[in-house]
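Below: one structure, written as structure tokens.
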Amino acid sequence: MQFIPTKTGLAVTAALLASFSVSSNEPIEIISVLGARLPVSVAQLGASVSVIERAQIENSGAINVADLLRSQAGVHISQDGVKGAQTQLRLRGSEANHVLVLVDGVEINDLNDGAVNFAHLNLANVQRIEILRGPQSALWGSGAVGGVINISTRSGKNGYAGGGEAEWGQNASQRLAASLRGGTDQINFALAASHFSTDGENISRQGDERDGTRNNELSASLNWQVGDENEIKAQYRHLDFFNQFDGTDFVTGLPADADSFTHGQQGSGKLEWHYRPVGSDWSQAVGMHYSRNQSENFTPGFDAQSAYDVTEVDSDKQRWFWQNSLNYAPGSQASLVFEHVSESFEQVGQAAPWGDPNQQQDNDSQSAVADLVHRLGRDVSINASLRYDDNDLFDDAMTYRLGLSYQLLSSLSLFVSQGKAIKNPTFIERFGYTPTSFIGNPDLEPEQSVSTELGARLQLPGGWQSSLSVYQAELEDEINGYYFDPALGGPTAINIEGESERRGLEWQVSGRFYDLQLAFNYNYLDAREGEGELATPEVRRARHGADLTLNYVFMDDMANLYLQANYQGTREDDFFPPPTYARTRVDLGAVTVINATFNYRWDQHWQLTVRAENLFDEEYEEVLGYRRQGRTAYLGASYQF
């Protein structure tokens, strides 16, 4: 199948087929950049991996990464209302700060709370998204408890390519994007810019104040092949965002209209040198990764002398690494990595008689990582990773991952893995201070998780494919981010005694029936905080979830209709009702949300798009009191050369 009679059309078609189905019984090899310290075939990994390619991104019409990842197995997303509002992603029942997120291999998790606000991750310049589930601290460090997500941006190649797109929608929404990519055999570059803004809708259950957002992003990358043995890689991404949010009604304990807003900036980048002698199986890489998060929160002032109380948070992280790798046999590789990480955190705010938020903190760590992928004959592969962390603030830690993949039949492979991961307490959890809302606890210990997974991958007749994974994880020293301490006179964070359990099942099936491409997954999750009779379900994670994605191609391959249906079962959330503000649980009802996109390719350059989010205008909340956006329609056009 080909959308348009050009080389570009063939490339898009190939990527689409790779993400949904295959045209024969022979499986297409999918390469993982997260499963080992060098790229490796997914078939060799004892882990569950999903890959989303550019063609599916374009067909979906989605604006940001969270909109797209809702259709992936094991993913739970909670958004505080409309676009631009705080958007958290959880994998396999983990916490939001237990998922490590990389952009072109650079960690972008905010050091303040350890998580990533997915509301500000745009798709305009994204080429590929990979999700590696399960504990991965041995490979990627603290925070990779539930899994790792890598977002790869579009890169240059021989010749020149690029284009622009524009989209307008309800609530004064507009999206603009432009890109230029090009190069030669020796050097290539990529430049991209995007803008999204909307007046939004009212978040709270009461009032009529709209909560809007604005998001501007710039990115650039350069790859330079210096001779036959050396390569220089450089990349930088800058984001500037603004979003409005509501306050709290101290009578009801629920969100209420307020003239509050956040203005922030994020930056991430890397500079790497890769060296591989001609004819050698040995290679090495040296590099520095950098990320920074800055934000200013403006809330109405406590007294008439100041219109706003302003709290500023600024954090940055530098990672230096030296990696030596050896491809010592077909399908076998080993890597030894040394890393140095430096973190800093600063909070500036208005001091009050009951406390002072102003502070500076920092942390350094040194790590050694050993990683092995070894093929035992034609049908069996093992992968093993081991990391040792020497940390300034916490006890030294050892994490590991062991996996085995076995090709039982030509169409059936089995895999099993076990791993240990850690999550160090965040700066906010240890030192954060917000009057009447939170007081940090500097005595917190790192969280530790041991997880086991068993899975199967099956190639079915006609190019259909399916996978099944079951897993169980025990989380020790889980951090409860809201514990009312009578001695402090306010809420703080504590380590929960005992072990918290997560167990679940993920089933996925995908394929093609004539011109209809289909992908379906079902998730079961039982995630609990604490153990024994005191255990309670983890908040904002549904026990049952399902997703169905349909892509129908018609009109001689010039048009396609993309439908995404996401079902979330009943979830629980915390509620702190006045006057006691004692922690209670409430149910958030089950809901099915459907998004639809129609694309028409006018010729090899032009494309028109019509799409609708929340097509049937469902009223629902993913966070208690914060209403999600109703039905919203968009119209757009794009030009590519």
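When the letters of the sequence shown are read in order and numbered with mature numbering (1 follows the signal peptide of the UniProt record, and there is no 0), they come out as residues -24 to -1, 1 to 617. Backbone N, C-alpha and C define an ideal beta-carbon position, used for all residues, glycine too. On a predicted model such as this, the values are computed, not experimentally measured, just so you know.
Distance between residue j and residue i (C-alpha atoms, nearest Å)
i	j	result
Ala511	Ser311	41 angstroms
Asp366	Gln342	5 angstroms
Ser320	Arg13	26 angstroms
Val313	Glu141	41 angstroms
Asn35	Thr573	7 angstroms
Phe94	Leu65	7 angstroms
Trp578	Tyr528	17 angstroms
Ser155	Thr468	46 angstroms
Ser386	Ser26	21 angstroms
Val599	Ala148	25 angstroms
Ala38	Gly353	43 angstroms
Tyr557	Ala360	47 angstroms
Glu71	Asn273	24 angstroms
Lys539	Gln448	Per the sequence presented here, residue 539 reads as Leu, with Lys not at that position. Straight-line Cα distance between these residues: approximately 32 angstroms.
Leu537	Tyr490	14 angstroms
Ala327	Tyr458	22 angstroms
Ser476	Arg504	6 angstroms
Leu99	Lys246	20 angstroms
Gln182	Leu230	9 angstroms
Gln337	Asn269	15 angstroms
Ile53	Arg157	33 angstroms
Val(-3)	Gln484	Because Val(-3) sits at a pLDDT of 35, beneath the cut-off of 50, its placement in the model cannot be relied upon, and the point is left open.
Phe172	Gly465	42 angstroms
Gln112	Phe218	33 angstroms
Chain-order list of residues whose beta-carbon lies under 6 angstroms from that of residue i (same chain, five-residue window excluded)
i	result
Ser318	Gln294, Asp340
His350	Ser308, Ile358
Trp298	Val262, Phe314
Leu198	Phe165, Ala210
Val426	Lys396, Glu450
Arg479	Gln448, Asp502
Close Cβ partners of residue i (< 7 angstroms) along its chain, the five nearest in sequence each way excluded
i	result
Gln335	Gln323, Phe407
Asn134	Gly159, Thr160, Asp161
Gly57	Ile179, Asp187, Tyr602, Arg603, Arg604
Asp89	Asn73, Thr402, Ile404
Residue i (DSSP reduced to helix, strand or coil)
i	result
Lys(-18)	Any answer about Lys(-18) is weak, because its pLDDT of 33 lies below 50 and its placement is not dependable; what the coordinates show is given next. Residue state, collapsed to three classes: helix.
Leu115	helix
Asn191	strand
Ser131	coil
Gln20	helix
Asp175	strand
Asp161	coil
Ala72	helix
Thr63	strand
Arg181	coil
Asp257	coil
Ala120	coil
residue 635	It is not possible to answer for residue 635, since the shown part of the chain is limited to -24 through 617.
Gln326	coil
Arg213	strand
Asp347	strand
Ser(-4)	For Ser(-4), the predicted model reports a pLDDT of 34, less than 50, meaning its position is unreliable and no value from the coordinates is stated.
Glu5	coil
Glu143	strand
Gly353	coil
Pro276	strand
Gly395	strand
Arg151	strand
Segment limits, beta strand (DSSP E) that includes residue i
i	result
Arg30	Looking at the DSSP string, Arg30 is not in any beta strand (DSSP E); the run it does join, the alpha helix (DSSP H), is 30 to 36.
Asp233	231 to 251
Asp290	284 to 305
Ser104	In the sequence as displayed, the identity of residue 104 is Arg instead of Ser. Start and end: 102 to 109.
Thr375	373 to 385
Ala12	That residue, Ala12, is in no beta strand (DSSP E); it is neither H nor E in DSSP.
Asn367	356 to 367
Ile84	Taken as a continuous stretch (DSSP letters only), Ile84 belongs to no beta strand (DSSP E), as it is neither H nor E.
Gln55	51 to 55
Close-in-space but distant-in-sequence residues of the same chain around residue i (CB under 8 angstroms, 5 per side omitted)
i	result
Leu9	The residue you asked about is not Leu; residue 9 is Val in the sequence shown. For Val9, where only same-chain residues beyond five positions count, the Cβ hits under 8 angstroms are Pro15, Gly81, Glu106, Asn126, Ser128.
His214	Glu193, Leu194, Ser195, Gln241, Gln242, Gly243
Gly223	Pro231, Ala232, Asp233, Ala234, Ser236, Thr275, Pro276
Limits of the unbroken alpha helix (DSSP H) element including residue i
i	result
Ala91	First-last for Ala91: undefined, no H or E at that position.
Asp43	41 to 45
CB contact check: residue i to chain D, cutoff 8 angstroms
i	result
Leu362	The chain inventory of the structure shown lacks chain D, comprising one protein chain alone.
Ordered list of alpha helix (DSSP H) runs contained in the segment 397 to 472, each at least 4 residues:
Counting only runs that start and end inside the segment 397 to 472, the alpha helix (DSSP H) elements of at least 4 residues fall at 403 to 407.
Enumerated in chain order, which unbroken segments of the beta strand (DSSP E) with a length of 3 residues or greater are wholly contained in the segment 550 to 616?
The qualifying runs are 560 to 564, 567 to 577, 582 to 589, 597 to 599, 608 to 616.
Hey, which unbroken runs of the beta strand (DSSP E) at 3 residues or more fall wholly within the segment 467 to 534?
Within the segment 467 to 534, the complete beta strand (DSSP E) runs of at least 3 residues are 475 to 489, 492 to 505, 520 to 530.
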